[in-house]
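> Sequential numbering from 1 applies to the sequence shown in my numbering. Where a beta carbon is used, it is the ideal one built from N, C-alpha and C, also for glycine. Computed from a predicted structure; not experimentally measured. The structure follows.
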Amino acid sequence: MKKRILTILLCGILIIGLTGCKKELKYINLVGDTPLQNKEDLIFTISIGDKSCIPVELAVYEDGTYELFTAYESCRPGQTCTSQLKYTKSIKGTYDYDVMKIFEDKNIVSDQPHSMDNLPEYEIYMNDKYVQKGYEYNYSIEKNTTNKSLNKFLKQIDIKLNLCANPDYID
Numbered sequence: 001m002k003k004r005i006l007t008i009l010l011c012g013i014l015i016i017g018l019t020g021c022k023k024e025l026k027y028i029n030l031v032g033d034t035p036l037q038n039k040e041d042l043i044f045t046i047s048i049g050d051k052s053c054i055p056v057e058l059a060v061y062e063d064g065t066y067e068l069f070t071a072y073e074s075c076r077p078g079q080t081c082t083s084q085l086k087y088t089k090s091i092k093g094t095y096d097y098d099v100m101k102i103f104e105d106k107n108i109v110s111d112q113p114h115s116m117d118n119l120p121e122y123e124i125y126m127n128d129k130y131v132q133k134g135y136e137y138n139y140s141i142e143k144n145t146t147n148k149s150l151n152k153f154l155k156q157i158d159i160k161l162n163l164c165a166n167p168d169y170i171d
């Protein structure tokens, strides 16, 4: 009886090890329009830390607008692609929230080195203008922590960041 239980337990661990227990990321089903050009009043961009796909990226601007990048330039499957990441479509909207509260939360860390085994939940990159005001370039929110201000902001604009962007194939 003990052998049977041990065998079942080992098989279960083996199956989990082979298939993985990662949360499944989904592709966004809204594509959007052409991204804004030369938007100079950027505050920060934010995306998920898990890069098992090209994630959607949220850009937050000073004038109360945001842009969720939903598609990126890509080569067709089987082709060699050497281009740098370039988002090609976005969904635009407005917000009425003090986004700087996100950086006052105790669960946000700056310049934290990460390994591929310990990626953060979110990565935030500040614009140079805000770095000159005393903010850091890079922030992260670790997994299994909560940034209440970020959650309120994302809920207000009805955005989920744990989505993959769609490939926009170039010919």
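At what residue ranges does the stretch 96–149 contain a whole run of the beta strand (DSSP E), taking only runs of 3 or more?
Qualifying beta strand (DSSP E) stretches, in chain order: 122–126, 138–141.
> Quick one: give me the first and last residue of the beta strand (DSSP E) that Ile46 is part of.
Looking at the DSSP string, the run of the beta strand (DSSP E) that includes Ile46 is 42–48.
> On the CB-based measure, 16 or more other CB atoms within 10 Å of its CB, does Asn127 come out buried or exposed?
Its Cβ being crowded by 16 or more others within 10 Å, Asn127 is buried.
> Using the rule of at least 16 other Cβ atoms within 10 Å of the residue's Cβ for burial, across every protein chain shown, is Leu68 buried or exposed?
Counting Cβ neighbours within 10 Å, Leu68 comes out buried, since at least 16 surround it.
> Could you give the residue range of the beta strand (DSSP E) that holds Glu67?
Per DSSP, Glu67 belongs to the beta strand (DSSP E) from 65–74.
> Just mark Ser83 as buried or exposed, buried being the case when its beta carbon has 16 or more other beta carbons within 10 Å.
Ser83 should be labelled exposed.
> Thinking Tyr95 and Gly134 are a contact (beta carbons under 8 Å), I'd like their distance in whole angstroms, please.
Going by Cβ atoms, the distance from Tyr95 to Gly134 rounds to 23 Å, so no, they are not a contact pair.
> Under the DSSP definition of a beta bridge, which residues are partnered with Cys81?
Paired residue(s): none; Cys81 is not in a bridge.
> How close, in whole Å, do the beta carbons of Ile157 and Tyr66 come, if the pair is a contact with beta carbons under 8 Å?
Going by Cβ atoms, the distance from Ile157 to Tyr66 rounds to 6 Å, so yes, they are a contact pair.
> Taking Cβ to Cβ, would you say Tyr139 is nearer than 8 Å to Ile124?
Against a cut-off of 8 Å, the Cβ pair of Ile124 and Tyr139 comes out as a contact.
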